[in-house]
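Participant: Below are the structure tokens for one structure; questions will follow.
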Ligand code: PMP
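Here it is in structure tokens:
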């Protein structure tokens, strides 16, 4: 593992964040998580574009630095010596005496490169359990911001209930998971929440859309209710680190026959061919 902080590569355990860092003080920043397979970052361009969009949305002007970030990430991967790893990169509004107003200081960049969090293979093989939880987040969930308190509280609630993920519900409809996008399959068609300010435009979601197109599986971006999810033939969640993960139980009830579904499995197989073709 390796870490980077404002111009220097450091040991992961090095204490490099000053107290007056705005990410630390206010959560005033944005981030990305990128999965690296066999030394190659997966959909790096898409992650960088989302990073820039998130930054623009919080008025952090970093668009000219896109290639610097790209080089930094590639250098970090190289320096880590790891081939299967997760890159975490965080950009904040910088280091300045605590004050809500924007300071006139350079942005702060930190990064870690660590071995990929290996998901217990049993989870993918047998599927995971989930709960529903009210979506108590703010109005701009399309920004990948450092403010993750509602996500953390909901994820912990899921864990305390013996489940892997909390599926968030706002105004009677499923939005997304605490750190994943949510999909249901009904009558051979994949449904997922349409992109809006209420959800993060997942990079894995993008890959699933492409996989569905390749397999001629209809991909429908339409809202669905918790009840529709419970009655679905198959359910799965996606994220950079868990890829495509079947959900087989919701609120203590079995979904379909309680086993990962065939369409979910074929989408995962197609997804893996994208990784191999890197
Ligand atoms: N929604 C939220 C709230 C997330 O935190 C994540 C994971 N970063 C996702 C969706 C999935 O996005 P991605 O596929 O880009 O990891």
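Numbering (full-length UniProt numbering), first residue to last: 2 to 279. Beta carbons: idealized from backbone N, C-alpha and C, even for Gly.
Apart from the five residues just before and just after residue 33, which ones in its own chain have a Cβ nearer than 7 Å to its Cβ?
Facilitator: Locating residue 33 in the chain shown gives position 32, where the first residue counts as 1. So the list reads 48, 51, 52, 90 and 145, once near-sequence residues are dropped.
Participant: Kindly indicate which three-state DSSP category residue 40 falls into: helix, strand or coil?
Facilitator: By one-based count along the chain shown, residue 40 stands at place 39. Correct three-state label for residue 40: coil.
Participant: Label residue 39 either buried or exposed according to how many other C-beta atoms from any shown protein chain fall within 10 Å of its C-beta, with 16 as the threshold for buried.
Facilitator: Here residue 39 corresponds to residue number 38 of the chain shown, with the count starting at 1. So residue 39 ends up on the exposed side.
Participant: Hey, out of 77, 94, 258 and 97, whose CA is closest to residue 88's CA?
Facilitator: Taking the first residue of the chain shown as 1, we reach residue 88 at position 87. Answer by Cα proximity: 77.
Participant: Considering only the beta carbon of each residue, do residue 234 and residue 187 sit closer than 9 Å?
Facilitator: Here residue 234 is taken as the residue at index 233 of the chain shown, counted from 1. Here residue 187 is taken as the residue at index 186 of the chain shown, counted from 1. Yes, the pair counts as a contact, with Cβ atoms nearer than the cut-off.
Participant: Going by other Cβ atoms of all chains shown within 10 Å of its Cβ, with 16 needed for buried, is residue 106 buried or exposed?
Facilitator: Looking up residue 106 in the chain shown gives position 105. Classification of residue 106: exposed, given that the 10 Å Cβ count is below 16.
Participant: Give a yes or no on whether the C-beta atoms belonging to residue 61 and residue 31 are separated by under 9 Å.
Facilitator: If you number the chain shown from 1, residue 61 lands on position 60. If you number the chain shown from 1, residue 31 lands on position 30. Yes, the pair counts as a contact, with Cβ atoms nearer than the cut-off.
Participant: Output the boundary residues of the beta strand (DSSP E) element that contains residue 171.
Facilitator: In the chain shown, counting from the first residue as 1, residue 171 sits at position 170. Looking at the DSSP string, the run of the beta strand (DSSP E) that includes residue 171 is 166-171.
Participant: Taking the alpha carbon of residue 1 as the point to measure from, which residue in 116, 111, 173 and 152 has its own alpha carbon closest?
Facilitator: Nothing can be reported for residue 1: it is not among the residues displayed for the chain, which extend from 2 to 279.
Participant: So, helix, strand or coil for residue 246, using DSSP?
Facilitator: Along the chain shown, one-based indexing puts residue 246 at 245. The answer is strand: DSSP assigns residue 246 an E or B state.
Participant: Output the residue ranges of the alpha helix (DSSP H) runs that lie fully inside the stretch 163-245 and measure 4 residues or longer, sorted by chain position.
Facilitator: Within the stretch 163-245, the complete alpha helix (DSSP H) runs of at least 4 residues are 204-215 and 227-232.
Participant: Determine, using beta carbons only, whether residue 25 comes closer than 9 Å to chain D.
Facilitator: Annotation note: the requested chain D is absent from the structure, which comprises a single protein chain.
Participant: Between residue 240 and residue 197, which are expected to be in contact by the criterion C-beta below 8 Å, what is the C-beta distance as a whole number of angstroms?
Facilitator: Position 239 of the chain shown, counting from 1, holds the residue named residue 240. Position 196 of the chain shown, counting from 1, holds the residue named residue 197. Contact doesn't hold; Cβ gap of about 19 Å is too wide.
Participant: Taking 8 Å as the cut-off, does the CB of residue 74 come closer than this to any heavy atom belonging to ligand 1?
Facilitator: Mapped onto the chain shown, residue 74 falls at position 73. Not under cutoff, so the answer is no.
Participant: Determine contact between the stretch 95-105 and the stretch 214-230, defined as no fewer than three beta-carbon pairs at a distance below 8 Å.
Facilitator: No contact exists between the stretch 95-105 and the stretch 214-230.
Participant: Across which residues does DSSP place residue 113 in a beta bridge pair?
Facilitator: Taking the chain shown and counting its residues from 1, the one referred to as residue 113 is at position 112. DSSP output for residue 113 lists 4 and 89 as bridge partner(s).
Participant: List the endpoints of the continuous alpha helix (DSSP H) containing residue 78.
Facilitator: For the purposes of this step, residue 78 is identified with residue 77 of the chain shown, where counting begins at 1. Segment 67-81, the alpha helix (DSSP H) holding residue 78.
Participant: Express the C-alpha separation of residue 124 and residue 262 in angstroms, rounding to a whole number.
Facilitator: Counting from one through the chain shown, the residue named residue 262 turns up at place 261. Counting from one through the chain shown, the residue named residue 124 turns up at place 123. In a straight line, the C-alpha of residue 262 is about 14 Å away from that of residue 124.
Participant: Please work out which residues of its chain come closer than 6 Å, Cβ to Cβ, to residue 192, disregarding the five sequence neighbours upstream and downstream, and give them in chain order.
Facilitator: Working through the chain shown from its first residue, we reach residue 192 at position 191. Only 185, 221, 223 and 225 meet the Cβ criterion.
Participant: Determine the extent of the alpha helix (DSSP H) in which residue 127 is found, giving its start and end residues.
Facilitator: The residue given as residue 127 occupies position 126 in the chain shown. It spans 122-127 - the alpha helix (DSSP H) in which residue 127 sits, taken as one unbroken run.
Participant: Taking the Cβ atom as the reference point for each residue, do residue 29 and residue 147 lie within a distance shorter than 9 Å?
Facilitator: In the chain shown, the residue the question calls residue 29 occupies position 28. In the chain shown, the residue the question calls residue 147 occupies position 146. In this structure, residue 147 lies closer than 9 Å to residue 29 by Cβ.
Participant: Grab me the residues of residue 167's own chain with a C-beta within less than 8 Å of its C-beta, minus the 5 sequence neighbours each way, in chain order.
Facilitator: Locating residue 167 in the chain shown gives position 166, where the first residue counts as 1. 131, 132, 133, 134, 155, 156, 158, 159, 178 and 179, listed in sequence order.
Participant: Roughly how many whole angstroms lie between the Cα atoms of residue 71 and residue 254?
Facilitator: Residue 71 sits at position 70 when you count from the first residue of the chain shown. Residue 254 sits at position 253 when you count from the first residue of the chain shown. Straight-line Cα distance between these residues: approximately 44 Å.
Participant: Does the distance between the C-beta of residue 142 and the nearest non-hydrogen atom of ligand 1 fall short of 8 Å?
Facilitator: Within the chain shown, numbered from 1, the residue matching residue 142 stands at position 141. Residue 142: yes, Cβ under 8 Å from ligand 1.
Participant: Would you please state the rounded distance, in angstroms, between the beta carbons of residue 116 and residue 86? I believe it to be under 8 Å.
Facilitator: What you label residue 116 is simply residue 115 of the chain shown in a count that begins at 1. What you label residue 86 is simply residue 85 of the chain shown in a count that begins at 1. Confirmed, Cβ separation roughly 6 Å.
Participant: Are the CB atoms of residue 120 and residue 230 nearer to each other than 9 Å?
Facilitator: Here residue 120 corresponds to residue number 119 of the chain shown, with the count starting at 1. Here residue 230 corresponds to residue number 229 of the chain shown, with the count starting at 1. No.
Participant: If you run the structure through DSSP and keep just helix, strand and coil, what is residue 133?
Facilitator: Residue numbering aside, residue 133 sits at position 132 when the chain shown is read from its first letter. Strand, per DSSP.
Participant: By the 10 Å Cβ neighbour count, where 16 or more other Cβ atoms means buried, how is residue 15 classified, buried or exposed?
Facilitator: Position 14 of the chain shown, counted from the start, is the residue given in the question as residue 15. That one is exposed.
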